[in-house]
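Engineer: For what it's worth, the working numbering labels the leading residue of the sequence shown as 1, then goes sequentially. Before I ask anything, here is the structure I am working with.
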Amino acid sequence: AIRYCTSIEDFNQERIYLEMTYLANGYSIDFIDKHIQHFLKFFDAKSLQQLPLDQGAYKKIRHRLF
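Below, the structure written as structure tokens:
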């Protein structure tokens with residue numbers, strides 16, 4: 001999601017959509033949280049968890065990753 005979502009609002013909507021899709025398909029919250037944490041750690045993007053995250057901070061994270 002972070003690759004193709006240029007705004008923080010789009011990223012958050014996509015993240016919620018993915019979480020809901022996993023829940024609807026029988027995955028547990030623990031499973032989802034574990035994989036989100038893995039994603040954030042892998043990309044060194046822990047600041048995505050800090051709310052509220054503004055567009056400027058999101059842009060810096062995207063720039064650092066790509």
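Even for Gly, the Cβ is constructed at its ideal location relative to N, Cα and C.
#1: Whose C-beta lies closer than 6 Å to the C-beta of Phe43 among residues of the same chain, with five residues either side of it excluded?
#2: Taking the alpha helix (DSSP H) that Ala24 falls in, what are its first and last residues?
#3: Which one of Cys5, Lys34, Ala1 has the shortest CA to CA distance from Leu18?
#4: What whole-angstrom Cβ distance do Tyr58 and Ile16 have, given they're in contact under 8 Å?
#5: Just reading off the alpha helix (DSSP H) that Tyr58 is part of, what are its end residues?
Structural biologist: According to the data block:
#1: As a working mapping, residue 43 is identified with position 43 in the sequence shown. Around Phe43: Leu65.
#2: Translated into positions along the sequence shown, residue 24 becomes position 24. Start and end: 8-24.
#3: Residue mapping note: residue 18 aligns to position 18 of the sequence shown, counting from 1. Of the candidates Cys5, Lys34, Ala1, the one whose C-alpha sits nearest the C-alpha of Leu18 is Ala1.
#4: Against the sequence shown, residue 58 aligns to sequence position 58. Against the sequence shown, residue 16 aligns to sequence position 16. Not a contact, Cβ separation roughly 15 Å.
#5: Residue mapping note: residue 58 aligns to position 58 of the sequence shown, counting from 1. Per DSSP, the unbroken alpha helix (DSSP H) holding Tyr58 starts and ends at 55-65.
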